[in-house]
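A.B. asks: Sending over a structure as structure tokens; questions will come in a sec.
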Amino acid sequence: MSGAATAGSSVKERAKLALNDEFLRKAVKFTTERLRNGKKAASEQHGHWDEWRERGRQIRLHTIAHLDYYLNLFADNARKNGVHIHFADTGAEAVKIALEIARRVQAKTVVKSKSMVTEELHLNHALDSIGVEAIETDLGEYIIQLAGEMPSHIVIPAIHKNRYQIAELLSADAGETLSPDTTVLAGYVRKKLREKFLEADIGMTGCNFAIAETGSMVLFENEGNARMVSTLPKTQITLMGMERIVPSWADLEVMATLLPRSATGQKLTVYLSGITGPRRETDADGPEEMHIIIVDNGRSLQLGDPEFQELLNCIRCGACLNACPVYRHIGGHAYGGTYSGPIGAVLTPALKKNVAEWDDIANASSLCGACYEACPVKIPLHEMLIYLRRRKVEAGRGNALESAGMKGFAAVMGNAKRYKAALKLGRIGQKLVVRDGGIRAKLGPLKGWNTYRVAPSLAKETFRERWDTLEQEIRAGLREMDPDMKERMERLARERAEGKGGHGHG
Amino acid sequence: MAESHRDWLERMDAESRAKQEAFMNGIAAKLRRPRAVQAPEHPFRGAPDFWNGFEWPLEERIRKFMENFQAVGGHVARLPDLQAVRAFIADKAAEMNAKYVIRQNVAELDALELESALPEGARVSVWNRGEGEHWKARAAEADFGVVVADYAAAYTGSVTVLSAKDKGRSVSLLPTVLIAIIPVERLKTRLGEILKDFDRAGRENLPAGIHFISGPSRSSDIENDLTIGVHGPGIVYALLVG
Amino acid sequence: MKVSMMITCLSDALYPRVGEAMVRLLARYGVRLAFPQTQTCCGQPAFNSGYWEEARTSAKTILEAFEDSDFVISPSGSCTGMIHHYPKLFENDPVWLPKAQALQRKSYEFTQFLVQVLGVKDVGAVFPHKVTYHPSCHGSRLLGVKDEPMELMRHIKGLEFVPLPFAEDCCGFGGTFAVKMPDISGAMVTEKGDHVVETEAEVLVGLDMACLMNIAGNLRYRGEKVRVMHLAELLEEGVKGA
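Residue numbers (this note's numbering), protein chains in the order written: chain A, 5 to 510; chain B, 4 to 245; chain C, 1426 to 1667.
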């Protein structure tokens, strides 16, 4: 939670820090470009991508719309498999359950595979407070844990660190100097963590998907650490967001098609594991005791909210981060929460229901829609950002200056006469600052704009002032319309009147 | 009297069952409808229809599997029979100077008689055969892990191994080198052909661990530089037999 | 058939030349545009900032102005995109909702109308210059206007098309975003400007004056001589010169 990258109280200040960090910007650009190109190639090669997205969306919509049924089914089935199921309404409750298990099994160390839910709960810190060492085992997570930071990307957590910084961190950990060579560094971590996997008391995992009909939990990963964590220690604890459910293994095929391709451009992650209960009696590996903690922590606030329920469809692939031009420039820490990028900008305030506090994150978007286009389950994040902004205004928490400005906007734009008068006034006003058809002065509201650009000046005559002249000109030279065109236009208008035709959104 | 571990688990389970009701009722209330207790109609189950009919002929499956597996850094070989597999493994063991081999306790691997094929001094452990062994440690020290795949999928280049008493999850995970033997009749086109078997089998018949392995362990967490063999096996052979 | 021009406040006040080009070009096909004088702004700045009450006030001028039109055409994918948000904006208003839906169905971005409705792909223009193209986000992503401008440009004689690197990345305008987050927006437009310069194109063309104002402002700030035009202007100039 510490570190310079998270300093600054507003996204604007944090973004400024990030924008001044040349390495960070380059690293984030390079990585997101690699990932989004990978996704593009993989989705094109697979083909019918929009049909797959639509199918993924439908499965997620269906599951969430019947979440009480499917989650209940999952819990019952997992219990029949011998899993100890727990429910936590809040993050604090989830932490309490996890700590109680750790105390009961007298754990000294916990090896963890990547889990955004445990980040959300700050579980490592809690374990540390009762004297249990929690070790992140995903290579990137291990690195940022040594640095005492938070992940800045949900798929590539250490995107913001270069190999020299990483070599320094790992050298301090090793007590010897390691060269800044990827193979050397990864080799050190393999050796070090191998011992930890074998001696840890608890293995802790997240959960990509949970299969309701068989009570199985599913993990996607590339390193093999999630397999280690769920195979070697005596006790397994899985933290699972309550919305991670899919009904069946058949549905998992769709998620397995969408998730790796969207995340990294892989056809499948190196490991895809489906775990159905603890070890069987005669098995010689696998956990003897398995717990799954099902976490709400603000998720259910989206249920029944037509504008935000689709947030629960998210499969945590990170494609929206890689597509986002804002993320590209400021990186993950500038968002100031566990989840970053477009999904973070919406999810963080939605989970906390404190729209007002997080509003400046919702403002850190140009609403370009790249996130929606990239999303494998078609979550309209760009629209959700607008809804967040609206809710803040409706709650009376809008910025005073902006509110006044918008009142002025409505007064001017609500009536064409006032609008014309305002333009005339503007034309007189701008005479003071216009040079050579542009405005360069870094004055008032133009300060930010003119730090990077020249502002245009108002035209000598507006279009509406020119209209009469223009009208006369074209009336004189108007040609006869091609009968085919005319026919087509008439048909379109007719179809529209009959309720078909017209064109929809997106 | 201090609460025993079993008593504690039972108490936690009882609490959880009570909580479950409240949790589900809360979800239904937020969705503004009564609790859904009947299985809902699920019209979008599984992959789109056009996909479900897609299947490659055997030779194409083999070709695509090999292509995909190699593309992610895995090694492949197509071998006529188990004799050839035996020779292949023996050659690799000699080449890499493998000292310890761990294998699943299955008939196909018994038939290989690796013990007599491997170079002098190499030791073969058979998973979970006999009492008192630390099987996880045996797997962790192994240079080679040898498994027979339960399935494979050509489209994604994946090998599937299911856990059982004789087929430890560690065998495909802890050794430095993984050798997966795939009888070609187990090679499917799509992932979905394999997954649907798990739906069909049902909860009671699933193993604790179902693992799809699509190449060597990898990470790009350090400056996007691809590293192979981060935690799992860094060298993986898929041997297609038949 | 009443075909009306929704000029957008930006083109009205800053770039009337774009509207003029559209009017002249369409007149060549016998389309006599009408211009309802009561229109103001589509309301997008207020809508996107969360001030929906204010957005509705502005949107009503548009709904009223175009109520009796059969087709409504605009030189901006973003403002046309805003019309597509009207049904949501008026979702709880039984009087205005049907008007909003009706307007959505008859609104077209300029190239959409030209290519899809009129069926024109070749306007007969000649434009012997090196041109690059920035696809604005709202037009290409929300309205799906992707092929139309490319089709039109492909048919212009003498035009040398240079693809813009990272063309689909937002230019950083985003309405009030540019004012509220000036440094992020500035970084975005600077990168966009870099890419335009990299193409060595003489002309940057687009379908949305807001984005073009942003990029042109940056290019001018750094002293670049690239000419920035709306595609309607380029087509009209090319037809006149043919």
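For each residue, glycine too, the CB sits at the ideal point set by N, CA and C.
Give every residue of the same chain whose Cβ lies closer than 7 Å to the Cβ of Arg-141(B), excluding the five residues on either side of it in the sequence, and list them in chain order.
C.D. replies: Answer for Arg-141(B): Ile-105, Ser-128, listed in chain order.
A.B. asks: Taking only beta carbons into account, state which residues of the stretch 331 to 344 of chain A come closer than 7 Å to chain C, listed in chain order.
C.D. replies: The stretch 331 to 344 of chain A vs chain C, Cβ under 7 Å: His-333, Ile-334.
A.B. asks: Run through the DSSP bridge pairs and tell me what Lys-1582(C) is partnered with.
C.D. replies: Paired residues: Val-1551(C).
A.B. asks: Taking only beta-carbon atoms, is Val-397(A) less than 8 Å away from chain C?
C.D. replies: Yes, its Cβ sits closer than 8 Å to a Cβ of chain C.
A.B. asks: Could you check the C-alpha separation between Ser-1561(C) and Glu-247(A) for me, to the nearest Å?
C.D. replies: Cα-Cα distance, rounded: 35 Å.
A.B. asks: Please confirm if Ala-45(A) has its CB atom under 8 Å from at least one CB of chain B.
C.D. replies: Cβ-Cβ to chain B under 8 Å: no for Ala-45(A).
A.B. asks: Of the choices Gly-1663(C), Ala-1635(C), Glu-1516(C), Met-1654(C), whose alpha-carbon is the least far from that of Ala-459(A)?
C.D. replies: Considering only alpha carbons, the answer is Ala-1635(C).
A.B. asks: Under 8 Å, CB to CB, which of the residues in the stretch 429 to 442 of chain A have a partner in chain C?
C.D. replies: Within the stretch 429 to 442 of chain A, the qualifying residues are Gly-430, Gly-442.
A.B. asks: Counting contacts by CB-CB distance shorter than 8 Å, is Ala-9(A) in contact with chain B?
C.D. replies: Because Ala-9(A) carries a pLDDT of 41, less than 50, the predicted location of this residue cannot be relied on, and no value is offered for it.
A.B. asks: Measuring straight from C-alpha to C-alpha, what distance separates Phe-1591(C) and Gly-1618(C)?
C.D. replies: When rounded, the distance between both Cα atoms is 11 Å.
A.B. asks: Pull up the distance between the alpha-carbon of Ala-5(B) and that of Ala-178(A), whole angstroms please.
C.D. replies: Taking the straight line from one Cα to the other gives about 42 Å.
A.B. asks: Any idea if Met-208(A) is buried or exposed, counting beta-carbon neighbours within 10 angstroms, 16 or more meaning buried?
C.D. replies: The residue in question, Met-208(A), is buried, as its Cβ has 16 or more Cβ neighbours within 10 Å.
A.B. asks: Consult DSSP for Ser-1561(C) and reduce its assignment to one of helix, strand or coil.
C.D. replies: Note: Ser-1561(C) maps to coil in three-state DSSP.
A.B. asks: Answer with yes or no whether the minimum CB distance from Arg-108(A) to chain B is below 8 Å.
C.D. replies: For Arg-108(A), the answer is yes, since a Cβ of chain B falls inside 8 Å of its Cβ.
A.B. asks: With a threshold of 8 Å between beta-carbons, can Thr-466(A) be considered close to chain C, or not?
C.D. replies: Closer than 8 Å to some Cβ of chain C, the Cβ of Thr-466(A) qualifies, so yes.
A.B. asks: Apply the 10 Å Cβ neighbour rule to Pro-46(B) and answer buried if 16 or more other Cβ atoms are within range, or exposed otherwise.
C.D. replies: Classification of Pro-46(B): exposed, given that the 10 Å Cβ count is below 16.
A.B. asks: Given a cut-off of 8 Å on the beta-carbon distance, is the pair Ser-1494(C) and Lys-1427(C) in contact?
C.D. replies: Yes, the Cβ-Cβ distance between Ser-1494(C) and Lys-1427(C) is below 8 Å.
A.B. asks: Sorted by chain position, which residues of the same chain lie with C-beta nearer than 7 Å to Ala-349(A)'s C-beta, five sequence neighbours on each side aside?
C.D. replies: Closer than 7 Å at the Cβ level, and outside the excluded window around Ala-349(A), lie Tyr-339, Ile-365, Ala-366, Ala-368, Ser-369, Leu-389.
A.B. asks: With 8 Å as the limit, tell me which residues of the stretch 40 to 72 of chain A have their beta carbon closer than that to any beta carbon of chain B; keep them in chain order.
C.D. replies: Listed by position, the residues of the stretch 40 to 72 of chain A near chain B (Cβ gap below 8 Å) are His-52, Glu-55, Trp-56, Arg-59, Gln-62, Ile-63, His-66, Ala-69, His-70, Leu-71, Asp-72.
A.B. asks: Please say whether Phe-1491(C) and Met-1575(C) have beta carbons closer to each other than 8 Å?
C.D. replies: No, Cβ-Cβ distance for Met-1575(C) and Phe-1491(C) is not below 8 Å.
A.B. asks: Tell me, which residues are paired with Gln-3(A) by DSSP?
C.D. replies: Chain A is shown from 5 up to 510; residue 3(A) falls before or after that span and cannot be answered.
A.B. asks: Please confirm whether Val-1651(C) and Leu-1660(C) have their CB atoms less than 8 Å apart.
C.D. replies: No, the Cβ-Cβ distance between Val-1651(C) and Leu-1660(C) is not below 8 Å.
A.B. asks: Is the CB of Ala-254(A) under 8 Å away from at least one CB in chain B?
C.D. replies: True, the Cβ-Cβ gap to chain B drops below 8 Å.
A.B. asks: Does any residue of chain A bring its CB to less than 8 Å from the CB of Phe-72(B)?
C.D. replies: Not an interface residue.
A.B. asks: Report the neighbours of Met-99(B) on chain A: residues whose CB is nearer than 7 Å to its CB, in chain order.
C.D. replies: Simply none; closest approach about 17 Å.
A.B. asks: Against chain B, which members of the stretch 275 to 291 of chain A pass a CB distance test of less than 7 Å?
C.D. replies: Cβ contacts with chain B: Tyr-275, Leu-276, Ser-277, Gly-278, Ile-279, Thr-280, Gly-281, Pro-282, Arg-283, Arg-284, Thr-286, Asp-287, Ala-288, Asp-289, Gly-290.
A.B. asks: Counting contacts by CB-CB distance shorter than 8 Å, is Met-259(A) in contact with chain B?
C.D. replies: Chain B, which has no Cβ nearer than 8 Å to the Cβ of Met-259(A), makes this no.
A.B. asks: Using the Cβ count rule (16 or more neighbours within 10 Å means buried), how would you classify Val-1520(C)?
C.D. replies: Counting Cβ neighbours within 10 Å, Val-1520(C) comes out exposed, since fewer than 16 surround it.
A.B. asks: With 8 Å set as the bound, which would you pick, yes or no: does the beta-carbon of Gln-107(B) sit closer than that to a beta-carbon of chain A?
C.D. replies: No, Gln-107(B) does not count as interfacial toward chain A.
A.B. asks: Does any residue of chain E have a CB that is nearer than 8 Å to the CB of Met-1507(C)?
C.D. replies: The chain labelled as chain E is not found among the protein chains of the depicted structure, namely A, B and C.
A.B. asks: Since Met-1575(C) sits in a beta bridge, which residues does DSSP pair it with?
C.D. replies: According to DSSP, which records beta bridges pairwise, Met-1575(C) is partnered with nothing at all.
A.B. asks: How big is the Cα-Cα spacing for Ala-1626(C) and His-1559(C)?
C.D. replies: Cα to Cα, the separation comes out at about 12 Å.
A.B. asks: Would you call the stretch 120 to 129 of chain A and the stretch 84 to 99 of chain A touching, i.e. three or more CB-CB distances under 8 Å?
C.D. replies: Because the criterion of three Cβ pairs below 8 Å is met, the stretch 120 to 129 of chain A and the stretch 84 to 99 of chain A touch.
A.B. asks: Among Thr-235(A), Gly-278(A), Leu-202(A), which one has its Cα closest to the Cα of Asp-220(A)?
C.D. replies: The amino acid occupying residue 220(A) in the given sequence is Ser; Asp does not appear at that position. Selected option, being the one with the closest Cα: Gly-278(A).
A.B. asks: Distance check for Ala-190(A) and Thr-181(A), CA to CA, integer angstroms please.
C.D. replies: Each residue's alpha carbon lies about 14 Å from the other.
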